[in-house]
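Below: the structure, in structure tokens.
Residue numbers (my numbering), protein chains in the order written: chain A, 923 to 1229; chain B, 923 to 1229; chain C, 923 to 1229.
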């Protein structure tokens, strides 16, 4: 079994056995890279990053993953592109694919854009975020982190907090959690930015979930607290946003009120919702999580390239 | 015979024998790349792209060409440069050349800029577009495409349509066509954006040409219809532009009126002048043309580097 | 002795013996590169450039240095980063360091930023300019240039002219000159942009210095005239700036008034303060100086990587 030549558009594109195999492969690559530096699995292979909107961590994480595998990276960034002249993004993808990259990593503002071009484009595509829809490799590194930290995913209670309505991280993470047994997701958010029904419909019957208003309602139940940003622009009423900030900020003082503190994750970048005072706690795993992204993506690229 | 160490500033820098040799070399590299992936001709060589104005296809096409040859690419882009601080572009070129790149690909807004710096700079220069003046490697890939599709260039009838006055594609293509025998160029454009006299003077007596008002006047005569954009900003009167749009739009319905349809080319990006409905026709060669750019440029780089 | 694994934050991080060893290594690499092209000392090593403000020469100079050593470069540029989303630069550094680059080159607007993150970050850091504070590798290439041109640094008389108050080049250059014997620095500037006291405090007793108002007061004494820009935005009164321009412009006519002309250096980019008419003089060394930057930085990277 392998993902050789497959397009990775959704968290649902991974079966449980794919995930377990990729987690082990990521651990193996971690060891090999630490012992030998740059490897040569991807020698002579070219990855194209086609980023139609900017992103630091995701692009650099893919770039480091490919370079550590020994491959080459060519970056297409929209800011220097003739998209400004009005060219359609689909034409751009056709042209880029004509240059025969071995794999294309796409970031787009438009939801389902990778799905739209997958049959037009010969190279395997990895979706690195399509608007508010999905971000499957973020979910891959999230679960890889949980698997490394807690040794398993089955049976865990995972709280996802913040902007659940518009975030692509909560959706992909939820979808990927359906591949495991007896998982419970707690969606922690004020009602106006709670998880969308269309996401719930896709996970219905495959994972347990509970909507919760405040983190203190469940924190002691949780194995994992996954914090995401609360974006000001999502609120029609700015006063409402200011009023809610206090209730959705995780800092050391807040955590000190509880007997049990779950491991704390965040897709980063963080703003005010996750205070630097938390960084010193042993439960703070978000920088390790970012680092895991390189290994998880290296494992995925290695499989997709069939190398 | 070879172009080793030569500056490529104009389409006139290629003799007929250079072109025929490069077309065959491009075909050979296409085969080698498809069989072996990244080659190693350019191992240990560095190409610098010095882009003083943004361009997607051209830069990425050169970048893929060099990477597929096994070389390395370093990009200088004006948007992140101290040109903003007022440094002259000539100083910039001197500094960049001091870093000993093996070849420099220049894109500039200023016409004849590459000509101005060629004797200051040690590395061979490839002109990747100098304002409205020339774009010789675009012409190279254009003729390589025609040569592949129709098996020859001698004796062909080629219509070039759109903004002929300010475009650098029509000029370089016209100049390069003078290297072949018995070619006829039809310049298809409204009078105010017809081909400039200074271009005609350079091809006078070397190639036949006819100015034509509308595509329907010659389409059945043509072996090739080369469509370019009609830019709104070229018209002093916006209403004139809107009035003309209809007459210079190529779509499937328009083409269905003719018994014979020539092969259709476009330097891309396209806007409204070439409708996506044409994409499905067997005569649509523009995406293949973009792809050919990678092989034509790889051939040119290989010769200029003498590898 | 070597700088293996060390952070290079200040010109003071180099002892005299480090500098002399690096100058010789730079000369050796110059020879090897000219004979063999890309070397393989840094094969399998990755340099990350983390540029939180744009810079052409510095970034490209480091990039060419690393590529010529046979290493790989990954660029992080703030303009395409989520710093825009409010992420702190310290978080960014932690995340980037988690990707295990072998060395990180940092450019920052914030003074002492590299010092702030050096203990957070595992990889060795090279300061490529931290606001108005320092630019130690600029000083390294400056002294390498003087050492090559004049065969020694001990005993020289060096005039530094222009914006001495806010420039990071004058400070690092002054600090590095303290490592040599019997050097005299002439600070040539109008009073309102003369060298800051905090810089003088650091060199007090280690190097002789004299503040001078005009270049003509000392030019015949000098072995080196180091010109820097006079930035308009430094003057509260624009008329004052315009009035001063004439007195701080070096051109061929001005130099023709003196019997002895020192070698002329400039960190580039230049604007009006160093006229192109000077370029033809044998004393003009600024383009050679920029080129020396590649070799000096290659030597430093080689030592820091311990390769």
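Beta carbons: idealized from backbone N, C-alpha and C, even for Gly.
Residue i touches chain B at which residues, Cβ-Cβ below 9 Å?
i, result
"residue 1172(A)", "The contacting residues do not exist; residue 1172(A) stays about 36 Å from chain B at best."
Checking 9 Å against the spacing of the C-beta atoms, do residue i and residue j come in under that value?
i, j, result
"residue 1134(B)", "residue 1108(B)", "yes"
"residue 1017(A)", "residue 1212(B)", "yes"
"residue 1022(B)", "residue 1216(C)", "yes"
"residue 1223(B)", "residue 984(B)", "yes"
"residue 1110(B)", "residue 1140(B)", "yes"
"residue 1121(C)", "residue 1102(C)", "no"
"residue 1220(C)", "residue 1098(C)", "no"
"residue 1025(A)", "residue 1042(A)", "no"
"residue 1086(C)", "residue 1117(C)", "yes"
"residue 1030(B)", "residue 1013(B)", "no"
"residue 1082(B)", "residue 1096(B)", "yes"
"residue 1105(C)", "residue 1078(C)", "yes"
"residue 1115(C)", "residue 1156(C)", "yes"
"residue 1186(C)", "residue 1218(C)", "no"
Return helix, strand or coil for residue i, following the three-state DSSP convention.
i, result
"residue 1153(B)", "coil"
"residue 1196(C)", "strand"
"residue 1206(B)", "strand"
"residue 1141(C)", "helix"
"residue 999(C)", "strand"
"residue 970(A)", "strand"
"residue 1005(A)", "For residue 1005(A), the pLDDT reaches just 46, beneath the cut-off of 50, and the residue's location in the model is therefore unreliable, although a value from the coordinates is still provided. DSSP places residue 1005(A) in helix when its eight states are reduced to three."
"residue 1090(C)", "helix"
"residue 988(B)", "helix"
"residue 1052(C)", "strand"
"residue 1100(B)", "coil"
"residue 1038(C)", "helix"
"residue 1211(A)", "helix"
"residue 1015(C)", "helix"
"residue 1116(B)", "coil"
"residue 1105(A)", "coil"
"residue 1077(C)", "coil"
"residue 1136(A)", "coil"
"residue 1183(A)", "coil"
"residue 1083(A)", "strand"
"residue 1223(A)", "helix"
So residue i contacts chain C; which residues on that side make the cut at Cβ distance below 9 Å?
i, result
"residue 1106(A)", "Going along chain C, no residue has its Cβ under 9 Å from residue 1106(A), so there is no contact; the nearest lies around 30 Å."
Whose Cβ in chain A lies nearer than 9 Å to the Cβ of residue i?
i, result
"residue 925(C)", "Per Cβ cutoff of 9 Å: no residues; residue 925(C) is ~20 Å from chain A at best."
Would you mind telling me which residues of chain B sit closer than 7 Å to residue i, beta carbon to beta carbon, in chain order?
i, result
"residue 966(A)", "959, 960"
"residue 1216(C)", "1021"
"residue 989(C)", "968, 994, 996"
Quick one: measure Cβ to Cβ for residue i and residue j, integer angstroms, because I've assumed they're closer than 8 Å.
i, j, result
"residue 1148(A)", "residue 1080(A)", "6 Å"
"residue 935(C)", "residue 926(C)", "Contact doesn't hold; Cβ gap of about 13 Å is too wide."
"residue 1184(B)", "residue 1146(B)", "5 Å"
"residue 1203(C)", "residue 1174(C)", "7 Å"
"residue 1100(C)", "residue 1050(C)", "With 8 Å as the limit, residue 1100(C) and residue 1050(C) do not qualify as a contact, their Cβ atoms being about 21 Å apart."
"residue 1200(C)", "residue 1172(C)", "6 Å"
"residue 1032(C)", "residue 1052(C)", "7 Å"
Give me the chain C residues within the contact set of residue i, using Cβ-Cβ distance strictly less than 8 Å, ordered along the chain.
i, result
"residue 983(A)", "1021"
"residue 1011(B)", "Ordered by position in chain C, no residue passes the 8 Å Cβ test against residue 1011(B), which lies about 11 Å from the chain."
Counting contacts by CB-CB distance shorter than 9 Å, is residue i in contact with chain D?
i, result
"residue 972(B)", "Included in the structure are the protein chains A, B and C, with no chain D among them."
Along chain A, in chain order, which residues have C-beta atoms closer than 8 Å to that of residue i?
i, result
"residue 998(C)", "978, 982"
"residue 938(C)", "The premise fails here: residue 938(C) is roughly 33 Å from chain A at the closest Cβ pair, so nothing lies under 8 Å."
I want to verify the contact list: residues of chain C whose CB lies under 7 Å from the CB of residue i, in sequence order.
i, result
"residue 949(B)", "Ordered by position in chain C, no residue passes the 7 Å Cβ test against residue 949(B), which lies about 28 Å from the chain."
"residue 1017(B)", "979, 1190, 1209, 1212"
Do residue i and the ligand SAM come close, with the Cβ less than 8 Å from some heavy atom?
i, result
"residue 1196(A)", "Absence of the ligand SAM from the depicted structure is noted, as is the absence of any ligand whatsoever, leaving it without description."
Using a Cβ cut-off of 7 Å, pull out every chain A residue sitting near residue i, in sequence order please.
i, result
"residue 986(B)", "996, 1021"
Would you say the segment 958–978 of chain A touches the segment 993–1002 of chain A, given that touching needs at least three Cβ pairs under 8 Å?
yes
Three or more C-beta pairs closer than 8 Å, one from the segment 1082–1096 of chain B and one from the segment 1057–1067 of chain B: is that the case here?
yes
Count the C-beta pairs between the segment 977–993 of chain A and the segment 938–949 of chain A that are closer than 8 Å, then say yes if the count reaches three, no if not.
no
For the pair the segment 950–961 of chain B and the segment 954–972 of chain A, tell me if three or more CB-CB distances fall below 8 Å.
yes
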